Each structure stands twice: as structure tokens, then as C-alpha cells.
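Structure record follows, encoded as C-alpha cells.
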Amino acid sequence: MEEWLRFSVCYWHSFRGTGADPFGQATIKRNWDDGTETIENYKRRLEAAFEFFTKLGVKYWTFHDRDISPEGQTLEETNRNLDEMSDLALNLQRQTGVQLLWNTCNLFAHPRYSNGAATNPNAHVFAYAAAQVKKGLEIGQKLGAKNFVFWGGREGYSSLLNTDLNLEMSNMANFLRMALVYKKKIGFEGQLLIEPKPKEPTRHQYDYDAQTVMSFLRQFNLQNDFKLNIEPNHTTLAGHGYEHDVVMASTFGILGSIDANTGSPDLGWDTDQFPMDIRACTAVMLQVIRQGGVQPGGLNFDAKVRRESTNTKDLFIAHIAAMDSFARGLRNASKIVEDGIMARHLKERYISFESGFGLKICNGLTDLEECEEFIHQHGEPEMISGQQEHCEAIFNRYL
Ligand code: XUL
Ligand code: CO
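Every letter in the sequence shown is one number past the one before it in the numbering used here, and letter 145, counting from 1, is 169.
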């Protein structure tokens, strides 16, 4: 069970304390956090976080570079801060046995990235972002990160009138390729992950959803070196069902990790709520089982307690209840797989492709003329029910 449910706590949401939230949902002031941008405060916060991970019994954590360490006046000063803070993180990891599921660079909160990072119209900003990622990969390697995430928070546009789509997207591909080259150069073994999101904070983001990112990766021949970190709340923002991108990415063979949160279906924006819906957790775990797990990824709670949930206890309850939801989801899903009823239904629905003329179609061994000939011989196809309600009823029996 352990490795099927590799849980991770997102430092960003649970421990930045009073730090500014780019989405405007101010975080709650905690007693370990005096709200200052001093290294001392950052250290206190990180120590509190590791105490929390240990008390929860969670084995992994994740962070953005700027979550654990303040930005200085210059890149040199910023990187010195990061060195000092990541020394502490390394010590805390060693003391507690908690490992790093992934780290990432915050390429969206600083005003310099307002018009994008890798897709900024100014080459100077591109270079700044690249320098930041270089350091991020080094920190990932130092802390033994299992993965490294790219979420293009500002990689999109606000207006097509001032945007060169072709140039921006090809710059983004070059940016990712440079990261890949550097990762190999320094021998960092973490899996590179892209996290799709359709919008928010930008009007349109290039990493719209799993299918879009897959096409992008193939267009620029990066499909073998990147996988996806799917966040279901982003998936619903793209207008899909909760588990859609998990299934889509997995079908392409590139589901790498899951930012396991949820939104409020009646709202339609990124509320990063803890996942408590057993149906949704079951659907996700069903796909995770089908692909044999998500390692070296895991289930990261990129989620925050509600602004109204002000007790420290709420932080514990949120993480514990969300882990329980996925544990129940895993049990349900494993029963579904064991029973095989749903799998039999699926197989039955496509049975016509398993032999005869259907198999020929499947193998690309026929043409339009032969299909026409087939219809002349066999006439009108028989209507076969999709039995959707039947499938939904079976699925419900496992919840
Ligand atoms: C933003 C989001 C990020 C990424 C990492 O919506 O999900 O926290 O997970 O930058
Ligand atoms: Co996320």
C-alpha cells in the first residue's frame, strides 16, 4: 500500500505563512511565522514544516525555490540564500527521513515575469528565468529530488494583438530543452514534469491540458524526456471532468505525478481544496493501478485549508482526511480491478476490432475501397448500446 500511495505535502500552501499568495487568497498567520522576510523566519518556518511532516507520517514534500528562501537584491544574493536554506532542508531531510518528491522554480510571482518567463517577449527576462532554473536543478540534485516540475504560471497571453504565438512557444521549447541538457550535464536524475493548466493567472496558458502538452512535446521532440504532473482542479478549469487528464496523460504513457487537489464545481476557479470526494479519488486510483503506479511521482497535496479554517488542527485534519480519501479510493479501485466486471464491459464494447475485418482496420491494413466493399456485403451495422448507465451503476457499487 505504501508505494501506491506516495503522499507529499506542498510547502507552498501549508507553510509560507503570511507570504503573499499570487492568487490573492491570503494565507493564515501561524504562530511559527512572524511575517518577516528574514532568513531566521524562513528557517523557523521550514523547521515547523518538517515537524508537521513527521507528525503526519508523510514521507515526501515539495516546494518552489522562493517558498523556502527569500529573493535578494541580486541573483547572487538570492542564490546564497537558497544555498543556506537548502543546507537546512538537507539536514532536516536527513534527520527525519522525509524525501523531496519535487522542487520547482517560482517563475510567476515576481513582477519581472508579468509578461511570461520562458515566453517573455524580452530575451533578458528569458535569460533570468533560465538562470533561475539552472539553480533550481542544482538544488533539486542536492536534495535528491525525485522529480522537477515546470508549471508555466505566466506562459500564455493576455491579448493576441501583442503576442507572437509561434516565437513564444518555440522559445518555451528551447527553454525546456536547455533544462534537459543541463540536467543531464550535472547528472540530476529527477524526472522532468510539466504541469498543465488552461488559465489563471493568465487568460490563456500554452500548457492548456494533458492532450495539448502532449502535442507540444511531440512537435518539439521532447516527448521522451518530460512527463506530466496532473492537477485535477486545473483539469476541471479546462472544462473537463475531474479525472480526465489523469486518464488522458496515462493513456499517452506520460502520467508522472498528481497534484491531488480539487475545486468547487460550482465556482470554476483554482481553489486548491483538499480532495475529499471518494468517487473522484476512486476514479484517479483506478487509472494509477492500471498504469502500475506513478513512481517516481506521487500524490502531492497542492492544496490549502480554507481561509476560514484557522486552527492549526485544521491543517492536520485536512491532510489526514485527504490521505484517507485516497486510501479508500485505492481500496475501491483495487476491488474494481480484481472483480474485472468493468474491464470485461470495456473489452466487450470493442470486440469487433479483435478479429476479422475489424482487426484489419486496427492494423492499418485496409483502405476506403475495401470498406465500401465490406458495406456492400454486410449492409447496415447493428446498433450496440453504450450501456453508460449500467457502467455508472456498477461503478457506484464499489464506492
Ligand atoms: C498553481 C500550481 C502550482 C504548481 C507548481 O496552480 O498548481 O503550485 O503545482 O508551481
Ligand atoms: Co499544482
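We treat Cβ as the ideally placed atom computed from N, Cα and C, and that holds for glycine. These numbers come from a predicted model, not from an experiment.
Please return the same chain residues whose Cβ sits closer than 7 Å to the Cβ of residue i, not counting the five positions on each side in sequence.
{"i": "N105", "result": "I63, S93, P94 and G96"}
{"i": "W36", "result": "F87, H88 and D91"}
{"i": "M300", "result": "A345, A346 and S349"}
{"i": "Y206", "result": "K158 and L161"}
Answer with yes or no whether the minimum CB distance from residue i to chain B is below 9 Å.
{"i": "L291", "result": "Looking at the structure shown, chain B is missing, and only one protein chain is on hand."}
What do you reckon, is the C-beta of residue i under 8 Å from a heavy atom of the ligand XUL?
{"i": "S140", "result": "In the sequence as displayed, the identity of residue 140 is Gly instead of Ser. No, the Cβ of G140 stays beyond 8 Å of every heavy atom of the ligand XUL."}
{"i": "G321", "result": "no"}
{"i": "H134", "result": "no"}
{"i": "W85", "result": "no"}
{"i": "T128", "result": "yes"}
{"i": "H264", "result": "no"}
Between which residues of its own chain and residue i is the CB-CB distance below 6 Å, once the five residues before and five after are set aside?
{"i": "S182", "result": "R227"}
{"i": "K159", "result": "N103"}
{"i": "M238", "result": "F276"}
{"i": "F31", "result": "V82, L323 and M347"}
{"i": "A44", "result": "Because A44 carries a pLDDT of 43, less than 50, the predicted location of this residue cannot be relied on, and no value is offered for it."}
{"i": "Y137", "result": "L131 and R178"}
{"i": "F199", "result": "A142"}
Give the single residue among the options whose Cα lies nearest to the Cα of residue i.
{"i": "P225", "options": "V271, G177 and I218", "result": "G177"}
{"i": "R40", "options": "H369, Y266 and R54", "result": "R54"}
{"i": "F276", "options": "T306, N257 and Q235", "result": "Q235"}
{"i": "P135", "options": "W126, T120 and A153", "result": "A153"}
{"i": "Y374", "options": "S409, G322 and H400", "result": "S409"}
{"i": "K79", "options": "T120, T60 and R69", "result": "T120"}
{"i": "P320", "options": "D188, E213 and F132", "result": "E213"}
{"i": "E255", "options": "Y230, Q215 and N285", "result": "N285"}
{"i": "F172", "options": "G211, L291, W126 and E179", "result": "W126"}
{"i": "H264", "options": "L279, G287 and L246", "result": "G287"}
{"i": "W175", "options": "L99, P145 and S281", "result": "S281"}
{"i": "P405", "options": "C395, Q411, E413 and H414", "result": "C395"}
{"i": "T98", "options": "G140, A155, N115 and N65", "result": "A155"}
{"i": "Y232", "options": "M309, N253, I365 and L246", "result": "N253"}
{"i": "N65", "options": "Y84, M109 and W28", "result": "M109"}
{"i": "V308", "options": "A73, L370, A357 and Y137", "result": "A357"}
{"i": "D283", "options": "V33, I302 and W28", "result": "V33"}
{"i": "I313", "options": "E362, F250 and K371", "result": "E362"}
{"i": "I302", "options": "K328, E267 and A151", "result": "E267"}
{"i": "A273", "options": "Q311, D296 and L246", "result": "Q311"}
{"i": "A169", "options": "V122, N146 and E332", "result": "V122"}
{"i": "I218", "options": "Y422, L116, E27 and N248", "result": "N248"}
{"i": "F244", "options": "I210, N190 and L279", "result": "N190"}
{"i": "L354", "options": "Q117, Y422 and K384", "result": "Y422"}
{"i": "A304", "options": "V205, E393, G403 and S349", "result": "S349"}
{"i": "F340", "options": "R68, C129 and F76", "result": "F76"}
{"i": "K209", "options": "R242, Q165 and A151", "result": "Q165"}
If you measure from the CB of residue i, is any heavy atom of the ligand MN nearer than 8 Å?
{"i": "W293", "result": "The ligand MN is not part of this structure, which contains only the ligand XUL and the ligand CO."}
Per DSSP, residue i forms a beta bridge with which residues?
{"i": "V33", "result": "W85 and F325"}
{"i": "D283", "result": "N324"}
{"i": "H228", "result": "Y181"}
{"i": "V312", "result": "Its beta-bridge partners do not exist; DSSP assigns none."}
{"i": "I218", "result": "F174 and L252"}
{"i": "W126", "result": "T86 and N171"}
{"i": "Q297", "result": "T286"}
Give a single yes or no on whether residue i has its beta carbon closer than 8 Å to a heavy atom of the ligand CO.
{"i": "D283", "result": "yes"}
{"i": "N253", "result": "yes"}
{"i": "E179", "result": "no"}
{"i": "E219", "result": "yes"}
{"i": "D326", "result": "yes"}
{"i": "W175", "result": "yes"}
{"i": "H258", "result": "yes"}
Here's a check: name, in chain order, each residue in its chain whose Cβ is nearer than 8 Å to the Cβ of residue i, leaving out the five neighbours to either side.
{"i": "D294", "result": "F47, K221, E224, N257, H258, L261 and G287"}
{"i": "Y230", "result": "T143, G176, E179, G180, E192, M193, M196, T236 and F240"}
{"i": "C415", "result": "M366 and H369"}
{"i": "T336", "result": "R54 and N55"}
{"i": "N139", "result": "P145, N146, V149 and R178"}
Ordered list of alpha helix (DSSP H) runs contained in the segment 135-194, each at least 4 residues
147-166
Beta strand (DSSP E) segments (min. 3 residues) lying fully within the segment 315-375:
323-325
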